[in-house]
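Taking it in order: structure first as structure tokens, then the write-up.
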Amino acid sequence: MRRASGWTALAAALVLYPFVDRALGLHTIHAVSDGMVYVLLALGLNIVVGYAGLLDLGYAAFFAIGAYAMALLNSPLLGSPLYGHAWSFWLCIWAAAAVSALLGVVIGAPTLRVRGDYLAIITLGFGEIIPVAIRNLGDITVEIGGWRPIERLNLTGGENGVNPVGRPYLPGVSFETDPAPWYFLILVIGALSVWAMSRLQDSRLGRAWMAIREDETAADCTGVNPISTKLLAFALGAWFSGFAGSVYAAKLQAITPGAFEFQVSIMLLCMVVLGGTGSLKGVILGGMLITVFDRVLLSQTTFFVRWVGRTIGIPALTTADLTLWRWFFFGLGLVLVMLVRPQGLAGRRVRPIAVVDDVDQPTVQEAAPAARAESIPPWLRERVQRGGGPESAPILEVRGLTKRFGGVIALNGVDLSIPRGAIVGLIGPNGAGKTTFFNVVTGLLRLDGGRITFDGASVVGLRPNAIVARGIARTFQSIRLFPHLTALDNVLVGQHCRLTATVTGGMFRTPAVVAEEARARARARELLAFVGLGGKGADLARNLAYGDQRRLEIARALATEPRLLLLDEPSAGMNPRETETLTELIGLLRRELALSVLLIEHHMEVVMGISDRITVLDYGTRIAEGGPQEIQRHPRVIEAYLGTGYEDELAARRGAR
Amino acid sequence: MEWWEVLVQQTINGLTRGAVFALIALGYTMVYGIIELINFAHGDVFMLGLFISLFWFTLLGVTKTLTAWQLVTLLPLVFALTMLSTAALNVAIDRAAYRPLRRSPRLAPLITAIGVSFMLENIALLWQGPAPIAYPDVFPSVDILREWFGVDSAIFLTTKDLLVVGATLPLMLALHYFVTRTTWGKAMRATAQDRETAAAMGINVERTILLTFFLGGALAGAAGLIQGMYYNIGQWWMGYQAGLRAFTAAVIGGIGNMPGAALGGLAIGFLSAWSDQYISARWTNAIVFSILILVLVFRPHGLLGERTPEKV
Numbered sequence: 013m014r015r016a017s018g019w020t021a022l023a024a025a026l027v028l029y030p031f032v033d034r035a036l037g038l039h040t041i042h043a044v045s046d047g048m049v050y051v052l053l054a055l056g057l058n059i060v061v062g063y064a065g066l067l068d069l070g071y072a073a074f075f076a077i078g079a080y081a082m083a084l085l086n087s088p089l090l091g092s093p094l095y096g097h098a099w100s101f102w103l104c105i106w107a108a109a110a111v112s113a114l115l116g117v118v119i120g121a122p123t124l125r126v127r128g129d130y131l132a133i134i135t136l137g138f139g140e141i142i143p144v145a146i147r148n149l150g151d152i153t154v155e156i157g158g159w160r161p162i163e164r165l166n167l168t169g170g171e172n173g174v175n176p177v178g179r180p181y182l183p184g185v186s187f188e189t190d191p192a193p194w195y196f197l198i199l200v201i202g203a204l205s206v207w208a209m210s211r212l213q214d215s216r217l218g219r220a221w222m223a224i225r226e227d228e229t230a231a232d233c234t235g236v237n238p239i240s241t242k243l244l245a246f247a248l249g250a251w252f253s254g255f256a257g258s259v260y261a262a263k264l265q266a267i268t269p270g271a272f273e274f275q276v277s278i279m280l281l282c283m284v285v286l287g288g289t290g291s292l293k294g295v296i297l298g299g300m301l302i303t304v305f306d307r308v309l310l311s312q313t314t315f316f317v318r319w320v321g322r323t324i325g326i327p328a329l330t331t332a333d334l335t336l337w338r339w340f341f342f343g344l345g346l347v348l349v350m351l352v353r354p355q356g357l358a359g360r361r362v363r364p365i366a367v368v369d370d371v372d373q374p375t376v377q378e379a380a381p382a383a384r385a386e387s388i389p390p391w392l393r394e395r396v397q398r399g400g401g402p403e404s405a406p407i408l409e410v411r412g413l414t415k416r417f418g419g420v421i422a423l424n425g426v427d428l429s430i431p432r433g434a435i436v437g438l439i440g441p442n443g444a445g446k447t448t449f450f451n452v453v454t455g456l457l458r459l460d461g462g463r464i465t466f467d468g469a470s471v472v473g474l475r476p477n478a479i480v481a482r483g484i485a486r487t488f489q490s491i492r493l494f495p496h497l498t499a500l501d502n503v504l505v506g507q508h509c510r511l512t513a514t515v516t517g518g519m520f521r522t523p524a525v526v527a528e529e530a531r532a533r534a535r536a537r538e539l540l541a542f543v544g545l546g547g548k549g550a551d552l553a554r555n556l557a558y559g560d561q562r563r564l565e566i567a568r569a570l571a572t573e574p575r576l577l578l579l580d581e582p583s584a585g586m587n588p589r590e591t592e593t594l595t596e597l598i599g600l601l602r603r604e605l606a607l608s609v610l611l612i613e614h615h616m617e618v619v620m621g622i623s624d625r626i627t628v629l630d631y632g633t634r635i636a637e638g639g640p641q642e643i644q645r646h647p648r649v650i651e652a653y654l655g656t657g658y659e660d661e662l663a664a665r666r667g668a669r
Numbered sequence: 182m183e184w185w186e187v188l189v190q191q192t193i194n195g196l197t198r199g200a201v202f203a204l205i206a207l208g209y210t211m212v213y214g215i216i217e218l219i220n221f222a223h224g225d226v227f228m229l230g231l232f233i234s235l236f237w238f239t240l241l242g243v244t245k246t247l248t249a250w251q252l253v254t255l256l257p258l259v260f261a262l263t264m265l266s267t268a269a270l271n272v273a274i275d276r277a278a279y280r281p282l283r284r285s286p287r288l289a290p291l292i293t294a295i296g297v298s299f300m301l302e303n304i305a306l307l308w309q310g311p312a313p314i315a316y317p318d319v320f321p322s323v324d325i326l327r328e329w330f331g332v333d334s335a336i337f338l339t340t341k342d343l344l345v346v347g348a349t350l351p352l353m354l355a356l357h358y359f360v361t362r363t364t365w366g367k368a369m370r371a372t373a374q375d376r377e378t379a380a381a382m383g384i385n386v387e388r389t390i391l392l393t394f395f396l397g398g399a400l401a402g403a404a405g406l407i408q409g410m411y412y413n414i415g416q417w418w419m420g421y422q423a424g425l426r427a428f429t430a431a432v433i434g435g436i437g438n439m440p441g442a443a444l445g446g447l448a449i450g451f452l453s454a455w456s457d458q459y460i461s462a463r464w465t466n467a468i469v470f471s472i473l474i475l476v477l478v479f480r481p482h483g484l485l486g487e488r489t490p491e492k493v
């Protein structure tokens, strides 16, 4: 496998490097060790930026916190009674990671309700505040009208930083002047971190991060809790920077606040963006390239330019110093990468729709085969039919639902009830409030009045993901898949709320987690096959044909094991043939699974053909409710929506077929 | 100094600082309003504005205090030249670094904006060197209270303070007139509300965006010139800090809201001056950023702005 061999080669090169360095007398071990610390930091930033899609411009703050946690716990020199004696390095490194992770949560928490670019600015603000705080907390004097409760208290070492910081102790290894033990220590920490990150990336949590990155609302409506998922991204991202910071502090033996300025955050961002956000290999590559560029290329090129200047006789060149330009080049690098190759060097290129596969297929794309009762996964049958309430009670009971947007009343006391195992159609002209109704029921919008009872319990005030966990799944009018995830991963995200793997479980792959993951994958494949997407599991969602995307969205909704499915115009944009297949699929779900469905639809043939009951909305008010025949004759419905002569038209179309 | 004299003095300081922040904040708020981009490089356009104005003064041979005659001829000329230069620079930045990314995810142009900011700072560093640059004392400084009114007070109010207000206020009023009363201004407001619909109505959206960057750049240039004449010092890194403070001002006023940006600028000016005096200059940055964070989290539409539904 190419993938494995790449990692092996990298590992071998890194293990052998110190010996090469010694043999050739290069004396670069220190520099390479520092470079590895920065690569580790970039990898931590990649969790936040690459996986979870949260632009963090103040990541150096976590680096600082890790370094200071180590320095303050492990330095004998600070006068504060809090840090009386030095702790062991091996203890401090965990403490530093834990403190960083904790601060990651503290800093992450306020940003949860904020949009992408505001979030970036907030992290930048924290990135500025923390060095300021470290600088100023070295000499605190509080004076209130002559009274000084605190005088010249030194918490952080102030501008001078902390010096010295204790070294690690390991029997038989000397962490003194020889740089090699440091190199291997950092290498081991880095390797373990990469291993943990690669495990996380492929875990339940990793999928949730990427779902949030792709479409937060859709992820929320698929059962992923955005709050805990984002906080975990901040916490774990900070955790690894805690490792990096603490090793860095111990290696340098001294730290000052100047080492953690905004520029460091931007250099780390450069590494992530250049290599390819979200790709472990890419970030390692980006980190190595930038380190080499920064530490080797710039100085060597300066020598070269000066040599050229001396040889040709241009005095300006003989004094040139390209290392002064380093931040200019970082800035230029950011701009160029974003303009030329936004996915980064190793980023996954968006694959075009496969051409090769079409060879043995007919050129005209055949509509997907109709779903058959036999292909319904047995587990789904079982899961959908679980549930509490008595058979006779409706699965969803909505009473007096009211929603206002400023002065506009979008929903005005709407009642709607869905019997168990029934298909209920929700129709009405554009702007009648149908999608608003969906958004309120699924928790995306807060209601202004009324009750929503699902399976005997109120779901009012629950977050969308909690409502999904209760058993209500939905699709969107404008398809909202996770475009850069594969079809299989899209369905797996749907399983998220039914899986139990924890962070540590996902990292260590306990037998239970491995079994659960295997089962989830098998189920996801079965669902894909059921909706007619068998064999397309590895395609990116964005590359699927339109009709396939619609069906994938239904498969994702089914993966949440719903007992009520809300479909928002599922046949919009489909041709008659696809519409027919879809109608059969919905009918099958009801017939075979007794799955309750609430359907918004403008194709009257679909609605009238499969609905048991129909509710008609107009200007946010329910104007009619009844069986399909009843609705077709209802004068107010004809006036508001269907139009006169609709019945004849429908009959004529039926006759024509 | 009596306590009230300190307060008055710091309030004057806050007013002059705030006027400069307000001019920069207007550029942030206009650009954000129209393309929803935090133009991170804007503070550095301000910083370059200072050095560019210095360049024009040097070119015109001005090295010491201007005479009355020069004040009415050369000073407006330098204002015009500086504003044109930074406006052109801002437009060029948009063309090169933001325009190709108009249809990309929102974070992409923000990342290039940070890149541009680094490039501008380092251009200034290599052009002017790392040491602070002395800006000639071109504007006559007269102690108004003592020399004009004969009041012996510890409060120091000079003609320079008047200059700041006298230059800033007309610029803001002119901008306000332009945006609210002219066809181009109407095009800007329409594009800010809905780019697609504006385009459908026959508005040349790209030209409107260009105009926005042009105006924002011009104001940043004016702010740089005023800053230079007032404080007589320029440093390559000053754009980063001033930019962040001005951005905070724009956020406080409700980003996209132009009168809000002006008021927010004054608010940040007062706050930073008072914080320098009454808490400690060492903490001022932390305080300004805390305010930025609090406003973004709890009042993302600003303290003045009305709530507008988020564009989906």
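From first to last, the protein sequence lines are chains A and S.
Take any residue in the first sequence, count from 1 to its spot, add 12: that is its number in this note's numbering.
Take any residue in the second sequence, count from 1 to its spot, add 181: that is its number in this note's numbering.
Ideal Cβ placement from N, Cα and C applies to all residues, glycine included.
Expected contact under 8 Å - CB spacing of residue i and residue j to nearest Å
i: Q7/A; j: A524/A; result: Not covered by the structure: residue 7/A. The range shown for chain A is 13 to 669.
Under 9 Å from the C-beta of residue i: neighbouring residues of chain S
i: P122/A; result: I474, L475, L477, V478 and F479
i: N148/A; result: S461, R463, W464 and A467
Cβ-Cβ distance between residue i and residue j below 8 Å
i: A580/A; j: R482/A; result: Checking the sequence shown, residue 580/A turns out to be Asp, not Ala. Cβ distance not < 8 Å, so D580/A and R482/A don't count as in contact.
i: A220/A; j: V236/A; result: yes
i: A203/S; j: G446/S; result: yes
i: V410/A; j: L428/A; result: yes
i: G298/A; j: A43/A; result: no
i: A405/A; j: K415/A; result: no
i: A381/S; j: V297/S; result: no
i: G116/A; j: F75/A; result: no
i: V276/A; j: G62/A; result: no
Of the listed residues the options, nearest to residue i (C-alpha basis)
i: T363/S; options: T389/S, E377/S and T349/S; result: T389/S
i: I239/A; options: E529/A, R475/A, E394/A and S404/A; result: R475/A
i: I198/A; options: E226/A, C509/A, G47/A and G544/A; result: G47/A
i: I566/A; options: G517/A, G518/A, L504/A and M519/A; result: L504/A
i: P176/A; options: I146/A, Y260/A, L55/A and N237/A; result: Y260/A
i: Y195/A; options: M279/A, T40/A, T512/A and L103/A; result: T40/A
i: A21/A; options: I156/A, K293/A and T153/A; result: K293/A
i: L280/A; options: K263/A, R225/A, H508/A and A256/A; result: A256/A
Chain-ordered chain S contacts of residue i [CB-CB under 7 Å]
i: A145/A; result: A467
i: Y670/A; result: Residue coverage of chain A in this structure runs from 13 to 669, which leaves residue 670/A outside it and unanswerable.
i: V117/A; result: The premise fails here: V117/A is roughly 15 Å from chain S at the closest Cβ pair, so nothing lies under 7 Å.
Chain A contact residues for residue i, given Cβ-Cβ distances below 8 Å
i: A289/S; result: M350 and P354
i: I215/S; result: Those do not exist, as I215/S stays about 14 Å from chain A at its closest Cβ, beyond 8 Å.
i: M300/S; result: F340, G343, L344 and V347
Per-residue contacts from residue i into chain A (C-beta, under 7 Å)
i: F470/S; result: G137, E140 and I141
i: P154/S; result: Nothing can be reported for residue 154/S: it is not among the residues displayed for chain S, which extend from 182 to 493.
i: I414/S; result: By Cβ distance, chain A contributes nothing, its closest Cβ being about 22 Å from I414/S, past 7 Å.
Neighbour list for residue i in chain C, Cβ cutoff strictly below 8 Å
i: V297/S; result: In the displayed structure, chain C is absent; the protein chains listed are A and S.
Any non-hydrogen atom of the ligand FAD within 7 Å of residue i CB
i: G184/A; result: The ligand FAD is absent from the structure shown, which contains no ligands of any kind.
Proximal chain A residues relative to residue i, where beta-carbon distance stays under 9 Å
i: S285/S; result: M350 and P354
i: R276/S; result: What R276/S touches in chain A: nothing, since even the nearest Cβ is about 12 Å away.
Contact list for residue i against chain S, beta-carbon separation under 8 Å
i: W337/A; result: N303 and L307
Okay, do the region 180-193 of chain A and the region 297-310 of chain A touch, 3+ Cβ pairs below 8 Å being the bar? no
Inspect the CB distances between the region 337-357 of chain A and the region 284-293 of chain A and report whether three or more fall short of 8 Å. yes
Given 8 Å as the limit, is there contact between the region 465-474 of chain S and the region 135-150 of chain A, that is, 3 or more CB pairs closer than that? Counting Cβ pairs under 8 Å, three or more are found: they touch.
Measuring CB atoms only, is the region 219-235 of chain S touching the region 281-294 of chain S, in the sense that at least three cross pairs come out at less than 8 Å? Yes: the two stretches touch, three or more of their Cβ pairs being nearer than 8 Å.
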